[in-house]
Each structure stands twice: as structure tokens, then as C-alpha cells.
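**Student:** For the record, in the sequence shown the residue sitting at position 9 is 301 according to our numbering, with numbers rising by one throughout.
Even for Gly, the Cβ is constructed at its ideal location relative to N, Cα and C.
Structure provided below as C-alpha cells; questions to follow.
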Amino acid sequence: MSDSKSLPLATRLNIRDNYEGPKPELSERLKKAAGGVEFNFVVDFVDLYQNLEQNPDYRKRLGEVVFWYFEGLVRNLEDKLKDKMVLEAFIEAVSTRDIILELKSSESYYELAIEKSTLYIRTSPNNFGCNAGEIGRDIIDIL
Numbered sequence: 293m294s295d296s297k298s299l300p301l302a303t304r305l306n307i308r309d310n311y312e313g314p315k316p317e318l319s320e321r322l323k324k325a326a327g328g329v330e331f332n333f334v335v336d337f338v339d340l341y342q343n344l345e346q347n348p349d350y351r352k353r354l355g356e357v358v359f360w361y362f363e364g365l366v367r368n369l370e371d372k373l374k375d376k377m378v379l380e381a382f383i384e385a386v387s388t389r390d391i392i393l394e395l396k397s398s399e400s401y402y403e404l405a406i407e408k409s410t411l412y413i414r415t416s417p418n419n420f421g422c423n424a425g426e427i428g429r430d431i432i433d434i435l
């Protein structure tokens, strides 16, 4: 994780107010949906900022847009994890309890993958912010 103090003040304020502020409630929602199991939302804001040069509007709103991704995932997991078999498979598959958002080159709006027992949300710089609410609808396909 890089030091976010290197980011512009407006971006840091957006992260504080639109990501860090509402994150505890989002974490509680996921914990409830996951039967009491806690998960960690992991994001390197400095890396995102540096790789979003062509998207200056979202650089300023980085915390807000990152929150869209995690909130979309949680909203969809709240529905899917109601099924006990899906819940058990999810908890077993994501044994690190880490959910990482990162940028990768991709033609699609996003990719959801489990690698080394970690859940990854991947999107490309060109598609950053697009269809964030759809994250997790296909969780059953990757479990």
C-alpha cells in the first residue's frame, strides 16, 4: 500500500469522505451477509491515481468510485450468499478474507477472480467506474 499523503488534497478528502467514512457500514453489511465472517477491502489509491491519467474526473473522485465497486459487490453478495451452499463456497474460496480492487488491461468493464484464496476486482483504466454496480452478479460462476 502506498502512502496516500502524496495524493492531492482534493483526492484525499474524497477518499476520506466517500470511502473511509461509509466503509465501516459496508463492512458490517458484508459481515452480516457472510454469516459473521469479516472481510477486508484492499485498494492502493496511489497506484489507481497514477494509472488514471486519462480520466482526470475520476482521479478527483477516487474514493467515491472505489466505493461504488465495493458497494456493488456487497449488494450482489447480500443476495447470492443467502444460499447456504454459496455462502460456504465463498467463505472457503476467499480464505485470506481480502477483496482487492486493482487496475489491469482488459477489454471488459470488470473481471472478478479468485486467485490464491483472494477475491480480485479488476478493471482497466479506460473502464474505471463503468458498471461497478454489476460486480458480484456472477460470483457463482467463479466459485
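I need the boundaries of the alpha helix (DSSP H) containing Y361, first residue and last residue.
**Tutor:** Start and end: L354 to K372.
**Student:** Taking three-plus beta-carbon pairs below 8 Å as touching, is the stretch 330-339 in contact with the stretch 380-398?
**Tutor:** Counting Cβ pairs under 8 Å, three or more are found: they touch.
**Student:** Thinking C-alpha only, which one of E384, E407, L379 and Y412 is nearest L395?
**Tutor:** For L395, the nearest C-alpha among the options comes from Y412.
**Student:** Any chance the stretch 349-369 sits against the stretch 406-422, with 3 or more Cβ pairs inside 8 Å?
**Tutor:** Output reads yes: the stretch 406-422 touches the stretch 349-369.
**Student:** When you compare the CB positions of T410 and V386, do they come within less than 8 Å of one another, or not?
**Tutor:** Yes; because the gap between Cβ atoms is below 8 Å, this pair is in contact.
**Student:** Quick one: Cα of F362 to Cα of A326, how far?
**Tutor:** Roughly 15 Å separates the two Cα atoms.
**Student:** Shortest alpha-carbon distance to S319 belongs to which of P417, R367, Y402 and R353?
**Tutor:** Answer by Cα proximity: R367.
**Student:** Please state if the CB of D430 and the CB of L404 are separated by a distance shorter than 8 Å.
**Tutor:** Yes.
**Student:** Could you please give me the residues that DSSP links to D390 through a beta bridge?
**Tutor:** The partner list for D390 (beta bridge, DSSP) reads N332.
**Student:** When we look at the beta-carbon of L340 and count the other beta-carbons within 10 Å, is it buried (16 or more) or exposed?
**Tutor:** Result: buried.
**Student:** In its own chain, which residues sit with a C-beta less than 8 Å from the C-beta of L435, not counting the 5 before and 5 after it?
**Tutor:** Around L435: V378, A381, F382, A385 and I406.
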